[in-house]
Structures are given as C-alpha cells and as structure tokens.
Amino acid sequence: MVEHASPRALWLSQGWRMAGALSLLLAFSVAGCKQGPAPSTPEMAPVVDVERSTFTVSRTEVMTDPSDFSVGVVRIVDSNGETVMGAEVTIVGRFGSDEQSFDVRPTDESGQTAFSMVAQELLTVTLEAHVRWRDASVVLDQKPVLRFVAGPPRTLAFKSHPFSTVAGATLEGLVSVSAVDAFNHPVTRPFRVTLALAPGSEANRLEGQLTVPLAKGEAVFPYLRILGAGSATLVASAMGAPAVTGNAFTVYSSLESALRFDTPVPASVPAGAPLTSGITLALTDDYGNPRNPSPSSCWRVELSVERKGKRSPLAAFSSTRFDKGFMTLPPVRVFRPEEDVRLVAHCQGLQDAVSTPFTVLAGPPDAAASSLRATPERLVASEKAQALLRVQLLDAGGNPVVDAPVQLSVSDAGAVLVPASGAGRTDGRGVFSATLTSTQPREVRVSATAGGLAMDTKVSFVPACSATIALPMLPVVGADILGDPRFTNSPLLPVDLDRDGHPDVVSTDGRIYDNAGDGTLVLRETDSERVSGLLAVGDLDGDGAPDLLSAGDIVAVRFNRGDGSLFPPQPLVWGAEAVGESVKRAWVVDVNGDGLLDVAYTVRGMYRLTLHVLLNQGGGVFAPDVRSPLMADADDDAVVLVPGGPGEGADAALVVHPQSMIHVFQAGVDGRFVNAGTMALRDMPRGLLQADVDGDGRDDVLVRYYGGVRKLTLLGHPGQGRFADPVDVSTDADVGTVAVADVDGDGGRDIALISTDPPYRLVLVRRDVAGGFRPGEQLRLSVDPASVSAEDLTGDGRPELLVSSKAGVLPLLNQGDGTFSSSRPTGISGAVFLVRGDFNGDKVVDVGGMGGGSGSLLISQPDGTRAVRSVPMPGLNAVAGVGADMDRDGLSDLVIVGTSAPKVYVMRNESGGTFTQREFALSAIPGAVAVGDLDGDDASDVAVLLPSLSQVHLLHNDGTGTLTPWRVVPVGPASRALALAELDGDGHLDLVVAHSVDGSVWRFLNDGSGRLTLQTKATVGKTPMALAAGDVDGDGLAEVVVANQEGTVGVLPGSGGPLRTYPVGRSPTDVVLGDFNGDGHPDIAVAEDNWRVGLLPGQEGGGFSRHQGQAALLFVHALQAQDWDGDGRMELLAAGGSVELLTSTCVR
C-alpha cells in the first residue's frame, strides 16, 4: 500500500492477499498451458477499453471500525476484449475539496486488482480509477461513492444514573449510557445496550426495559425499577464493547407492608414444647425488603395459631424487638394436638405472615405439667380424716395422658391407703385418685411413679389443736404489684378452685394460694403458667368447677381440670388492639340471660370506651366479640356490669364526668347493650362499685363520690334494666374499695370500706334491725390499708375481712360477734427492744418495751389485766437490754446498754416496777448485752459486746447487782449479736457471737468458772443480723439459730452436724424461738422486711416447714415469745411503731 500525502484518514489496503495470490496463480497456470497471442504489430496495438473495463466496490457504506471495510475491484479490458495484465492502477478518492490517491498493485492475469478501503472519520468519498498501460492513461467511467459512518460501540459510559432511590420506584429516564466507536465517534446505528446489576450489589431484582437501542450515541432507558433494597451498582454492556460499571448508589426499602416468616417452622412439634425457638420474623415492604417499623404503623406484633381457619391468640410482642427488619421470636407454645396448624403473625395495617402447616403431637408425661396432690395436705388425725391423693399425668401441652399405669406408695404403714395396692390407671382426664386416712398424728410421705416420672408429696395428720397456722395471718401476696390499689379492685380474689369448701386465693399477678382448710394459704409453686391482669372467676365450661379469666393485652381463660389445678391459658381474643388501648375492667357474667356465663370487658381507647362481650356457646366455646360503644368521657372505673335474675340478661351502669347522672344500659340476646335511661344524683359521682347489698342474689350498685362527700349511694337492682331509688349511706369517710358481707350474723349484709382521705382507715357500716345502716365505725389496724375484701377462709361460717396494704395482706379473723382481731395493742409505743421478767413478784411474767430515753412495762394485776408502768431512762439512748434478778430479791431488774456513753446500766427494781439506776464503766460504746450465771454462784453476770474493740467484756456480779470487770474475750471484727446458752450439756452457760463481715458464728465453751474458750467457727450465711439459741431437736443441746440479711435462717445443730438453711423474708432484724402452735416442736419467728413477721413451723427431729409470711406490721424490728395469758401456748410480742401482741389461734 502506498499512501499519498493527505491528512485525512482514508486509506487503501491491498487486502485479501490470499485471493489476489490465487488470481496470480491461476493466471500463471493459464500462461503455462496455452500459448499466448503473437505480438501485435504497432498498427494493431490494443488500448484500454474504458467502457468495458469496470470499477466496483463490495459495499457503498462502511463503518469507521478496523474490522469493517469495503473491497474495491478494478478489472481492465482492452479494445480487443482481452483482460489486461500488468496495467498500473491509481485510486483517487475525492471528499469535499480534498482528495487522496493510492497506487494499488498492477492487474493480474485476470486483468484485476483488488484492495480494501477503511476510514477513521465520517466521510463520503467519490472514487476514481486511473489506469496506465502502454504509455497511455485513462480514467474509468465508473466512479463508486463510499459513505463512511460511525462504527459499532467500542466504549460505553454512564451518562446519568441515580444517586439513591426507593425500592419499586420507577427510574424513568434517570439512567442513560453513551457509546462511541473505535475512533470515538458517537454510535448512530441502533446497536443495543443491556443493563444489569453488578455482581456484589446488595440490591437485587432489576426489572423493566433492560435492553434499548442506541440513538445519536446514547441509550436512554425509559422504564426501570429495582425491587431489592441495599447498595446497588449498575453495569452496561453491548456486543463488541467492554462492560462499564457505574457509581454505587443506595436503594432504600419502601414503606412497610407485610410480615413474613424468614425461617420455617418445624414440620411437627410436641404439644407444649417451644415452637418458635430460633424462628425469625421479618417486617418487609411490598418487595420483601426488611425494614424496621415506623411508630405510626406497626406498634405490636400479635402471634396467633390458626386451626381450620380459626385463629387463637398466642402472644404479643412490641415492635421495638425488630432489628434491621428482623425479630427472633421468643418461645411460644401450642398445647392442643392437631394437624394442619399454622402460625400467623399480624400487625395492624400489614399483610399477615402465615407459616407452612405443621403438626402438634401429643407428648409423653411431662414432669412440670403432671402432679401429685394431696387435699388437704394438713388435717386433724381422726377416723374421719381423709386426704384425697390425686395423680394427674399431662404432657407439656397440658393434654391428659390416658390409660397410663400409676403406682402409689406411702412411707408409714400406719396410714391407710385405698386402694391398698396403690395401683391403677389414669382415666380420660389423665387422673388416678386414691385416699389416705390416719387416726393417729403422723407425717406420711406419698410417692407416685407413673409414665417414667417420680413424684412425691407429704400429708400431715396433726393433733387436734395444731391443725392451724401459728398466728392468724395470711401470707403476704402481691406486695410488689399492688401499686396504689385504693382506687382499684382488691388484690385478692377468693375462689374455691378445688371445691373442697375452703376458699383459695388468687392474687392479681396470677399467683394461686391453696387453702389447707384452716385459713392457711400455701403458694402453688408448680403453677408456672400463671396469668396476670384483671381477673374474674366463674364456671365457663359448665363442669361445675370455677375457671379463671384474665384480661390484659390478651383475654384468656385457664379452665379448671376439676380438682383446682388449671390448664394452661387459652387465649380468646386480643384485649388491646390499637395504640393507646387498654383493658380496664373484666367480668364473668351471664350477659344475655341464656344461663351460660359470658366474658365481658371494657377497653379504653384514645377517644372511646367500649364494652366487649364474648357470648358463651357452651363448653367454654365463645362467639366473636360483640362491641357496644359507651360514652367517650366516662371514667374507666365508672362502669359496672351487674347480672339479672334467672333468665335475665345483665345490665350495665356508668357515670360520666362531670354529669351527676347514672346512665343505664340493658343487654340484648345478641350481647349488645342499648341505652335504657338515666338516673339523677344529687352529687357528682366519682365511680361505681357492685356488690349484693340486699342479699337477693343480684349485685347492686354503690356510687362513690369525690372528696368531701362522705357517703355511698345504694341503687338496688331488681333487674331488667331497672334500679331502685337512691339510698344514701353515711360513711364518715371518702370511699375507696368496699366489701359486703354479713359480719355479725344478724342476717343483714354489712359494708366494710377503705377511706381514701388520710389517715387511711378501715370503716365498718353495719345494717340495723330496720334494714338501714348504722353510723360507720373505725376498726383498728396495725397497717396502712389499701383495699378490703371479705370471705370465710376458716370454714366457720363467719366471713373474715382481708385488708391489703403495701406491707402485705392482713386478715381480720371474725370473732363471731362481728368484731375482728388480728393482733392486740399492748399500749406500748416506740420500743427499740423488748424485755420480760417478773417485775412485781407475783410469779407472772411481765413484759416491756424500751428504747431511747424511756421504756414501759406491762405489769400483771390480780384481776388478770395488765397495767402500764413507765420507766424513765434519761440520757441513755438505750439500744439493748434484758430483764434479770440481779440482786436475788425475787424481783426482775433491768440491764441496759445505750450509745450515749461507754457504760452498762443496772436498773434495780425497788418494788413493783420502781427503779433506781446504777452505771458501770466500759472501754467502748456497747452494741449488745446478755445476762446469765457464768460461774455457778447463783448471781447473774453480764456479757457486753463492744464491736469497735472486737471484744466481749464479762462483768462479774457479786449478788447485789454490783458489777466488776472480769474477763475480756477476743472476738472477730464487726461483731453483731451475742447470746448465752448451754451448748455442750455440762450445765454451764456458754457464749455465742455472730460476725456480720465474714458471716460466721463463734462458739465459746465455759469451763464452769466463767473462763471461755473458743470451740468452733462456723459460716452461717451473709451478714448475720440476729441470733437465738435453744434446743429445737430434743437432744438436750442448744442449737444456734441465726437470721441473715440475705433472707435466710441458718440452724447450727448442737450436736455438731451440718448447717441447715431455710429461706425467709429479706433483711431480718430479730429471731426468736417458741412453740406457737402447741405441737411440742419449737418454731422460729423472724422479724423481716421491716414490716412482717415470718414463721418457720418446727417439725419432729428439729427440722422446719416451709416459711410462712405471717403478720403484716409496720416497722417491726424486735420480737419476743411469751405465754401472755397463761394458757400454756406461746404468743408473740412484736415491736414496731407500737408493741403488738400476736395470739396463736386454733381454727377448724
């Protein structure tokens, strides 16, 4: 190829060399086989025939690309018609005012020469063939025209793309790609460009018109969208060009629209086993992208189980559990065996997530769900005494295990088991029952083996007067969940769950306390499926046993198995369905008069109050809820739902603030309530209460008022939407909660109420003989009352009053004449410690309370009463003391220590409680004191604890009450308490000291002369606070009993055995021993939690039964056991804000 000087990018190439070589080869072959013509004479010389010669091109349009070209062919024929070989050809290209010329190879034997033509620029070129042969030059007539256009895309570039977008949003014209050919000319031909997401993009699912043709060097994508969220990068590609990658951008998820299960549920699960462990729920937009919920949309996720198209709620979770759109579901359980069950997750306004179907399988007996129960567990030994033993085998879902073998055995052959073999099989409820009787007192351990489980329980047959708690007090229940119940229902719900004639108790946090038959309430520890919220009871499934309704976020029923044990909660509906909604009251009542108990509850919304009713269809199956809107401005506690008589529906009444009106609504057969009228009141009501005041079997309505209106208004309820005329009842108090019962046995139902005006009081308004009401009388309490309810807990036909407070729940035992007793005041107040002794020489033990700079003694009188005698102690700031006869005159004196000076004071009793004070110096401020004869001289010596010196100082008594320093006993640091007791059986008093830092007790043995030697150090717990010593196991050796701040009592056996520990209340401040129930075994009483007395009943052999929370008293910190009335049974003195006498009670 020869290129003539020209700046333009047109060139010719002697291409297709192989074809040209072939032509030459053919021409050569012809020349070698055929003789050529004879040389012509000059007058015959041919010339180039321009008409018959040709100039052709293969293509008239060529792209500016190295791979594209047009082939030109020049064929020369002479005037004789013969092809000319060896003619010289020059190609001249003309474009505009420019031209370029190229010499090509001479023609071959076929008279042809071929060449290829390529251009870098966009040109239109006219070609001419100039031929020179035999010194003649001609220009062929054919002049082909070539048009050079832009070539195919060789380089792509994003001209525009999004910086961010939302999943599913249309990217209309936002993405364009430019394309140039090999020589950077914009591509004009419609080559196609394809778009895709680059590998590594978090976003996915690019859809739309993904391939478009180029136009004017640009591909504009008219419709695109990306469905997957995350980081995204686009990549463009075209045939023949390297793919190009754009800049990264973010695709944000769109608004939330659906829930989905991100991990599958198992194909099968045993009933009651955790179903959702490890299952993840996703909250997604329309395109499946996870995202966290916005507060205005999904605020609570409700999980339900779907069976045969019907959904039952399981649990609800706050949407705040979502993390980046995912929530790992806490374990939930499905309890009923069934096939084709689905899990459904619902959130208001979103598409539900529905799981794949799974199967709930019946399981084997479960240790937690199955039970062996004795009813009662404690009963008086007699020929008629019979405890029902009931084995129930359930799987983890609470489903009965039917026809399973059971074997019962007893530890004492003296107890009679029926059937005697103890063998049987469970019935259709999974139950096997037997009875146990005994005519003699004994403790019997009952064991059961069944279905691979081993269970046991204990039955106590006790003497006649020990079948009781030691003190007439209930366990403290609900103390941490009461809040301020003065304006709510009682925290206790009495109900006879096991139908034994003795009401059990359910607290508002769902704890169940079984009544042993004598008022003793025992926490049902195995009940792990408790529910909380507003509670109501009634026989909802028609089996004669009361069921338990709870209404909160979920309205659920725990059906009674018939023996008082409850099935796991069966949810009915969601209680609160929207943001700001909450359930306010709940009832179990026959709403539509069909004889079946229905479920009703009120829901407070942001701008409405709605009454919901679930009509019972029989057998505990309920229809969908029916809703009746009530007045929006009605107060939450201003609605009551009172049942009518047989065949009648229920009536609702409500008051609306600030109207002085009662609005009455009557229920129809469909469960909806319609307005039945109004009643006017003279004063502005605060709320409504309901109770059967007139004894006709229908609840009446009691109206309470705002502060200053000290009365109740009684509206009798004859039924059918009607109420009697208002009757005002003077209360002399603003009314909080009430309880109605015939407390004095006169046939009229009395009203007990809690006042809400400080000081909070318990007021009793009794019925008079004419059917009216007497003026209210205040009942004395040792606690600050919060609410009251009434129920006969002891089975004597007389209702007790149950008073709740933030300190706990205090029962007031009905004495039979309408008076109540829990404890008796002694007339002493402000005591720091208690003392006892015979202070007037009448051989009757007197008691006293001391503290600060004064004290009081209760001195027995000849008529059996007690007189209060003041004991001034100016400047002592007394913190500890004891009563003892220091001068051997037959009268008890007082030995006192205080924090005002390093001294011990002996208050010498001159006569009948008149004292003279003597003082003896110490080396440091004392902390505790004990008195006893340490050297056998029949004179009481004194041991004083000096914590700052880590010493106990012994002071010798010469018999006249004069003390002299005697011995110093080194003890450990932070010593807290001490006691003198006989530890080793040698007749000499020994010393016990408790240390709060290392939790140890040091025991020192006395050699009889007052010389004390350290015998043992024993760890008893964390921070011992108080100790006592006494023989609790009957072996003649004193045990050491220590109360620890952590909430335990440790018992160190006198025989040297291992420490026994028993849980009690927190932060005990004092501990005493005494046989409070007369069974011959010492019990342990503990002052705990600053407001309660706890009791550990003693057992044979020195053991102790489970801790019982007993008296609820304010600020109790010191105790003393004392036979107050000389009946041979111990009472308990408790010092707090005042000194109270807690008497033991024998009830049947």
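Oh and the sequence shown: position 444 is 447 in the numbering used here, straight run, nothing missing.
Where is the CB? At the ideal position from N, CA and C, for every residue including glycine.
Best match in the options for proximity to residue i [C-alpha to C-alpha]
i            : options               : result
residue 464  : 1123, 1118, 1102, 197 : 1102
residue 999  : 1012, 90, 872, 1029   : 1029
residue 138  : 640, 182, 114, 92     : 92
residue 780  : 773, 769, 774         : 769
residue 1124 : 1056, 1042, 1033      : 1033
residue 155  : 79, 201, 100, 242     : 242
residue 683  : 654, 433, 728         : 728
residue 1138 : 838, 933, 964         : 838
residue 326  : 624, 310, 294, 1042   : 294
residue 424  : 411, 415, 418, 416    : 411
residue 667  : 726, 717, 615         : 726
residue 790  : 777, 801, 738, 745    : 738
residue 964  : 932, 915, 890, 982    : 890
residue 181  : 1022, 712, 66, 219    : 219
residue 145  : 79, 204, 207          : 79
residue 1074 : 1104, 1136, 407       : 1136
residue 187  : 554, 134, 123         : 123
Extent of the continuous beta strand (DSSP E) to which residue i belongs
i            : result
residue 757  : 753-758
residue 238  : 237-241
residue 1030 : 1027-1033
residue 162  : 158-163
residue 1020 : 1015-1022
residue 78   : 73-78
residue 630  : 629-633
residue 2    : Any property of residue 2 remains undetermined from this structure, which presents the chain solely from 4 to 1151.
residue 589  : 585-592
residue 551  : 550-554
residue 318  : 313-321
residue 1133 : That residue, residue 1133, is in no beta strand (DSSP E); it is neither H nor E in DSSP.
residue 899  : 896-901
Rounded C-alpha distance that separates residue i from residue j
i            : j            : result
residue 1027 : residue 923  : 29 Å
residue 674  : residue 174  : 55 Å
residue 1106 : residue 1036 : 8 Å
residue 26   : residue 115  : Caution is warranted here: a pLDDT of 26 is assigned to residue 26, below 50, making its placement in the model unreliable, and the coordinate value is therefore given only provisionally. Their backbone Cα atoms lie some 8 Å apart in a straight line.
residue 1019 : residue 943  : 25 Å
residue 516  : residue 748  : 27 Å
residue 863  : residue 755  : 35 Å
residue 32   : residue 119  : The predicted model places residue 32 with a pLDDT of 26, which falls under 50 and marks its position as unreliable, so this point remains unresolved.
residue 471  : residue 1085 : Its pLDDT being 38, under 50, residue 471 is placed unreliably by the model, and nothing is read from it.
residue 1048 : residue 379  : 34 Å
residue 1083 : residue 691  : 51 Å
residue 75   : residue 121  : 11 Å
residue 1077 : residue 900  : 26 Å
residue 1005 : residue 761  : 49 Å
residue 772  : residue 750  : 9 Å
residue 1044 : residue 1065 : 11 Å
residue 884  : residue 933  : 8 Å
Cβ separation of residue i and residue j, assumed to be a contact under 8 Å, to the nearest whole Å
i            : j            : result
residue 588  : residue 605  : 5 Å
residue 834  : residue 856  : Actually they do not touch by this definition, with Cβ atoms about 13 Å apart.
residue 439  : residue 447  : 7 Å
residue 248  : residue 201  : 5 Å
residue 274  : residue 357  : Wrong, their Cβ atoms sit about 21 Å apart, outside the cutoff.
residue 1098 : residue 1088 : 6 Å
Contact test: residue i Cβ vs the ligand FAD heavy atom, cutoff 7 Å
i           : result
residue 544 : Because no ligand of any kind appears in the structure shown, any question about the ligand FAD cannot be addressed here.
Any C-beta of chain C under 8 Å from that of residue i
i           : result
residue 389 : Considering every chain present, this structure includes no chain C. It has just one protein chain.
Next on the checklist: Which complete beta strand (DSSP E) runs does the segment 644-716 hold, if anything under 3 residues is left out?
Outcome noted: 654-659, 664-670, 676-683, 688-694, 703-708
- Within the segment 391-448, note down every full beta strand (DSSP E) run reaching 3 residues or more, in order along the chain. 408-413, 419-421, 426-428, 434-441
Q. If you scan the segment 833-859 from start to end, which runs of the beta strand (DSSP E) of 3 or more residues do you find wholly inside it?
A. 836-840, 849-854
task: Mind listing, in chain order, the continuous beta strand (DSSP E) runs of no fewer than 3 residues lying wholly within the segment 949-994?
output: 954-960, 966-973, 978-984
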